[in-house]
Amino acid sequence: MKNTPTQPSYFIPEPLDNTRLAHLCGPLDENLRQISAALDVTIFRRGEKFIVSGSNAERAVELLERFYAVANKVVPIEEVQLALVEQRSGLKPRAPGEAEAPEAASKQDEDDGAAAGAEELSELVSPTLKTRRSDLRGRTPHQIQYLRSVLEHDISFGVGPAGTGKTYLAVACAVDALERDAVKRIILTRPAVEAGERLGFLPGDLSQKVDPYLRPLYDALYDLLGFDRTQKLFEKQVIEIAPLAYMRGRTLNHAFVILDEAQNTTVEQMKMFLTRIGFGSKAVITGDVTQVDLHKSQRSGLVDAIHVLKNVRGIAFTHFASEDVVRHPVVARIIDAYEKNSSIEELAALPKPTPVKNARKKT
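So for the sequence shown, the numbering used here puts the first residue at 2; every next one is plus one.
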């Protein structure tokens, strides 16, 4: 029995505008290539007509229509990739510049008597964070859940693979809280554990020693606040970055505290950190239980906290998956491939992980 070939879909820009058409396609048709690769479709352009073939042709045409509608300026490749992430996660992608009116939508549902539909819509509407650079929102259902958890709980955990926005969104929430005067300072910390390497003793003062470990946090701050503003806040000690070991003995009041790479904390370090939280403070703990760099005889504090604190009131957990990855599309496929080979539960069963079948023994 022969498989019936999928009928191609067509997109004809209306009204035709060559400038908007060029903005839609991107430099050297890079935007079209990104959509083709992510959705596994083929896009042919004949004059002003786009012919899309593949099982996801209708989804590709929907993206082309939405981006063409706002292509008064060049559509950045980053926006195309983020829209693909939203579509992959089941959300309706929103093109750059497209208005978002949850209040109007909710009112319409209420007028129609669709209370359940309005409730479902509100769950998919992301909180908006105000930062100096731009307004920020969640792109996937898990990111939206994560933002809501951080805003509504004193202690929140974000657990999942690399590239899902755990750290960046946590820093964005901290910046938003600082701009609203909800907190007086931001404290960022990470355990100083090398990723499978032994770097030895590092030269310089404390700042120079820990900077290599904390660089991702600096990058997020520079992106959200700008270099000059970030440096001024560091000078005034409104923003503080310190190794986890220096948290012992402190009480952190009216602060937004972020513990990044928490999978590399020990059980004792995690307990020590969580008991530092004072009045008017929030804490966000992020990590990936599949990337533990501790010695195999040590149990990860993040893995332990997931089991011990899962039913504690006031603490929220958000678990991310490969569909939440907002990096290059191949990153999500890499994560899926590793998860098929070894489940997260096997990798997280420290200090005695389950051996992988046919794995080469260390010599």
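Where a beta carbon is used, it is the ideal one built from N, C-alpha and C, also for glycine.
*To the nearest angstrom, how far is it from the Cα of Q35 to the Cα of I78?*
The residue given as residue 35 occupies position 34 in the sequence shown. The residue given as residue 78 occupies position 77 in the sequence shown. Across the structure, Q35 and I78 are spaced so that their CA atoms are roughly 8 Å apart.
*Continuous beta strand (DSSP E) assignments of at least 3 residues falling wholly in the segment 278–341*: Fully enclosed beta strand (DSSP E) runs of 3 or longer: 283–288, 316–320.
*Counting along the chain, where does the alpha helix (DSSP H) carrying E241 start and finish?*
To locate residue 241, count along the sequence shown from 1; it is residue 240. Unbroken run through E241 is the beta strand (DSSP E), 240–244; no alpha helix (DSSP H).
_Nearest neighbour of L245, chosen from G159, T267, A221, G48 [CA to CA]_ = By one-based count along the sequence shown, residue 245 stands at place 244. Of G159, T267, A221, G48, the residue nearest in Cα terms is T267.
*Inspect the CB distances between the segment 262–282 and the segment 293–308 and report whether three or more fall short of 8 Å.*
Yes: the two stretches touch, three or more of their Cβ pairs being nearer than 8 Å.
_Inter-residue Cα distance where the pair is L215 and G288_ = For the purposes of this step, residue 215 is taken as residue 214 along the sequence shown, with counting starting at 1. For the purposes of this step, residue 288 is taken as residue 287 along the sequence shown, with counting starting at 1. Between the C-alpha atoms of L215 and G288 there is a straight-line separation of about 14 Å.
*Expected contact under 8 Å - CB spacing of A322 and G161 to nearest Å*: On the sequence shown, position 321 is the one that residue 322 refers to. On the sequence shown, position 160 is the one that residue 161 refers to. Indeed, because the Cβ distance is near 6 Å, the residues count as touching under 8 Å.
*asked:* Let's see if you can read the secondary structure: which residues bound the beta strand (DSSP E) around Y11?
replied: Residue mapping note: residue 11 aligns to position 10 of the sequence shown, counting from 1. 10–12 is the extent of the beta strand (DSSP E) around Y11.
*Assign P192 to one of two classes, buried (16 or more other C-beta atoms within 10 Å of its C-beta) or exposed (fewer than that).*
For the purposes of this step, residue 192 is taken as the residue at position 191 of the sequence shown. Per the 10 Å Cβ criterion, buried.
*For L222, I'd like the list of residues in its chain whose CB is within less than 6 Å of its CB, leaving aside the five on either flank, ordered along the chain.*
The residue you call residue 222 lines up with position 221 of the sequence shown. Annotation for L222: T231 place their beta carbon closer than 6 Å to its own, counting only its chain and skipping 5 residues before and after.
*Exposed or buried, what is E99 when buried is set at 16 or more other beta-carbons lying within 10 Å of its beta-carbon?*
By 1-based counting over the sequence shown, the position of residue 99 is 98. Because the pLDDT at E99 is just 49, under 50, the model does not fix this residue reliably, and the point stays unresolved.
*Compute the beta-carbon to beta-carbon distance between E87 and R149, rounded to the nearest angstrom, for a pair I have assumed lies under 8 Å.*
Position 86 of the sequence shown, counted from the first residue, corresponds to residue 87. Position 148 of the sequence shown, counted from the first residue, corresponds to residue 149. The Cβ separation is near 17 Å, so there is no contact.
*Where does the unbroken alpha helix (DSSP H) through A173 begin, and where does it stop?*
Position 172 of the sequence shown, counting from 1, holds the residue named residue 173. From DSSP, the alpha helix (DSSP H) with A173 extends over 167–180.
*Cβ shell of K272 (< 8 Å), same chain only, five flanking positions each side left out*: The residue you call residue 272 lines up with position 271 of the sequence shown. If we look at K272 and ignore the five residues flanking it on each side, its Cβ neighbours are G302.
_As assigned by DSSP and simplified to three states, the class of S37_ = Stepping through the sequence shown from its first residue, residue 37 is reached at position 36. Secondary structure of S37 (DSSP, three-state): helix.
*Are the beta-carbon atoms of L29 and A72 separated by less than 7 Å?*
As a position in the sequence shown, residue 29 is number 28, starting the count at 1. As a position in the sequence shown, residue 72 is number 71, starting the count at 1. No, they are not a contact pair.
*I think G281 touches T252, with their Cβ atoms under 8 Å apart; what is that distance to the nearest whole Å?*
Position 280 of the sequence shown, counting from 1, holds the residue named residue 281. Position 251 of the sequence shown, counting from 1, holds the residue named residue 252. Here G281 is actually not in contact with T252; their C-beta atoms are around 11 Å apart, not less than 8 Å.
*Which two residues bound the contiguous beta strand (DSSP E) that contains K50?*
Counting from 1 along the sequence shown, the entry for residue 50 is found at position 49. Note, K50: beta strand (DSSP E), 50–54.
_G164 and V326 - do their beta-carbons sit closer together than 7 Å?_
Taking the sequence shown and counting its residues from 1, the one referred to as residue 326 is at position 325. Taking the sequence shown and counting its residues from 1, the one referred to as residue 164 is at position 163. With contacts defined by Cβ atoms closer than 7 Å, V326 and G164 form a contacting pair.
*Length of the line joining the Cα atoms of Y292 and S10*: Translated into the one-based positions of the sequence shown, residue 292 becomes position 291. Translated into the one-based positions of the sequence shown, residue 10 becomes position 9. With the sequence shown as reference, residue 292 is identified as Gln, and Tyr is not the correct amino acid for it. Here the alpha carbon of Q292 sits roughly 42 Å from the alpha carbon of S10.
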